[in-house]
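A.B. asks:
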Amino acid sequence: MKVYLDNGATTMVDPEVVKTITPLFTENYGNASSLHQYGSDAKDTLDEAREVIASKINASPEEIIFTSGGSESNNTAISGYLKQYPGKKHIITSIIEHPSVLGLFRELKMSEGYDVTYIGVDKEGIIKMDELKKAVRKDTALISIMHANNEIGTIQPIEEIGKLCKEKGIIFHSDCVQSFTKVPIDVKKLNIDFASFSAHKVHGPKGVGALYVKKGIKFKKLIHGGHHEFNKRAGTENIPGIVGFAKAVELATPKHIVEMKKLRDKLINGLLSIKDTQLNGSKEKRLCNNVNISFNYIEGEGLLLHLDMEGIAVSTGSACSSQSLKPSHVLMALGLSAEVAHGSIRFTLSRFTTDDEIDYTIEKMKSIVKLLRGMSPLAK
Ligand SMILES: *Cc1c(COP(=O)(O)O)cnc(C)c1O
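For the sequence shown, my numbering assigns the number 40 to the initial residue and increments by one for each residue that follows.
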């Protein structure tokens with residue numbers, strides 16, 4: 040049996056998406072800037088896709104800019120905004136952000152002289168709102184807090200954060216890559232100024248994303264060239280990618296959320312029936328597809344490799360940090376010891392995950408944990 044439970048890293052492109060975009064490679068392959076029929080057809084499909092993404096988050100099409108993915112969207116929003124308004128030198132983020140945000144903040148501090156405040160999280164991975172409120176200053180330019188965390192699936196109180204930002208006149212950016220299509224997003228209700236999205240986390244193609252920019256907010260573009268994307272992001276639009284992104288978003292329904300939640304809870308309960316285990320993150324404020332569990336006395340890498348031999352794909356921490364041997368910055372932020380953090384596995388489901396796959400995974404996990412603990416000096 041082959042079971043893919045690493046949908047937090049990337050997802051299968053929905054076959055319906057593949058069918059929709061295939062003609063865009065060989066038949067309707069025009070450049071949206073060209074003046075002939077091929078070009079205007081491409082422009083029309085691009086406009087339709089923009090409309091789909093915009094309406095999903097209650098934005099206008101002119102507020103959506105297509106990018107190469109979540110990382111570029113994050114960098115464009117934060118860097119672009121700060122370059123446009125260089126006066127204020129204080130910026131705020133959390134200690135559990137994606138590396139594409141944390142890496143940029145480190146750079147802004149080291150090279151651009153920004154003063155950075157990192158907000159901590161509680162045991163469940165929820166932002167400490169009192170800490171955030173106290174961190175706000177007169178010269179705070181921007182707050183960047185993710186909607187849902189990629190490792191532990193915790194959903195942040197971004198409506199409250201948006202309200203605070205609005206009151207204080209601070210720009211609010213939120214990395215919504217993991218929450219998109221899984222948690223309803225209304226950028227107006229949430230008071231978001233910038234929001235980042237990525238196609239390949241929602242059964243769309245890799246290398247395409249979107250950035251929501253609230254009407255009236257200016258930023259300096261990162262990529263210079265032609266007048267694409269309202270003159271805000273140069274480069275010939277990746278039409279098949281963008282159309283595939285929109286199609287994937289159209290195919291995501293609330294019913295999928297309910298189904299994933301059911302399987303998620305079955306997996307959580309099955310794995311917690313193994314002794315000396317604990318769920319990381321929040322039970323209630325959690326993405327419908329995320330399970331992150333620590334298995335005491337054993338190493339996550341060992342678990343991952345044994346699961347891989349049984350055809351089950353999972354991850355330790357996130358794909359972005361799996362090359363390093365340092366324990367996950369997210370799990371450490373929850374207050375876990377380095378040992379427990381090292382014994383943690385992230386299982387991320389999708390709308391294609393089946394009940395049989397969850398049963399198979401629970402059964403294999405039970406035997407692998409038993410096997411590895413039998414060999415572990417710590418377990419005795
Ligand atoms: C995957 C991910 C990103 C990066 O998106 P790419 O499209 O791979 O660049 C950013 N933030 C979060 C929370 C993610 O999970």
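Here a beta-carbon is modelled for each residue, glycine too, at the ideal position from N, C-alpha and C.
1. Give the straight-line distance between the Cα atoms of Asp80 and Ile281, rounded to the nearest whole angstrom.
2. Considering only heavy atoms of ligand 1, does any lie closer than 8 angstroms to the CB of Gln217?
3. Ends of the alpha helix (DSSP H) at Arg303?
4. Less than 7 angstroms between C-beta atoms, sequence neighbours within five positions excluded: which residues of the same chain meet that for Ala93?
5. Considering just the uninterrupted stretch of the beta strand (DSSP E) at Val252, what are its terminal residues?
6. Taking its Cβ as the centre, do 16 or more other Cβ atoms sit within 10 Å of Pro62, making it buried, or is it exposed?
7. Within 10 Å of its beta-carbon, does Thr275 have 16 or more other beta-carbons around it, so buried, or fewer, so exposed?
8. Where does Asn319 land, buried or exposed, given buried means 16+ other C-beta within 10 angstroms?
9. By the DSSP assignment, the beta strand (DSSP E) with Tyr157 in it spans what residues?
10. Straight-line CA distance for Ala88 to Gly201?
11. State the DSSP-derived secondary structure class of Gln317, mapped to helix, strand or coil.
12. Could you pull the DSSP bridge partners for Arg272 from this structure?
13. Going by beta-carbon coordinates alone, are Val140 and Met185 separated by less than 9 angstroms?
14. Assuming Gly119 and Lys259 make a contact with CB atoms under 8 angstroms, what is their CB distance in whole Å?
15. Where do the N-terminal and C-terminal ends of the beta strand (DSSP E) with Val330 fall, by residue?
16. Any idea what DSSP makes of Val42, helix, strand or coil?
17. Using only the heavy atoms of ligand 1, determine whether one of them is closer than 8 angstroms to the beta carbon of Ser139.
18. Can you find the residues in the same chain that come closer than 8 angstroms, C-beta to C-beta, to Ile165, ignoring five residues on each side of it along the sequence?
19. Mind checking which residues open and close the alpha helix (DSSP H) that includes His381?
20. What residues are listed by DSSP as bridge partners for Leu344?
21. Below 8 angstroms on the Cβ atoms is my contact criterion, and I expect Asn113 with Asp214 to pass it. Report the Cβ-Cβ distance as a whole number of Å.
22. Please determine if the stretch 246 to 253 and the stretch 146 to 155 are in contact, where contact requires at least 3 C-beta pairs separated by less than 8 angstroms.
23. Alpha carbon to alpha carbon, what distance is there between Leu181 and Phe211?
C.D. replies: The answer reads as follows:
1. 14 angstroms
2. yes
3. 293 to 311
4. Ser99, Pro100, Glu102, Ile103
5. 248 to 252
6. exposed
7. exposed
8. buried
9. 154 to 158
10. 27 angstroms
11. strand
12. Paired residues: none, contrary to the question.
13. yes
14. 5 angstroms
15. 329 to 334
16. strand
17. yes
18. Thr193, Gln195, Pro196, Ser321, Lys324
19. 377 to 381
20. Leu344 is not bridged to any residue.
21. 6 angstroms
22. no
23. 6 angstroms
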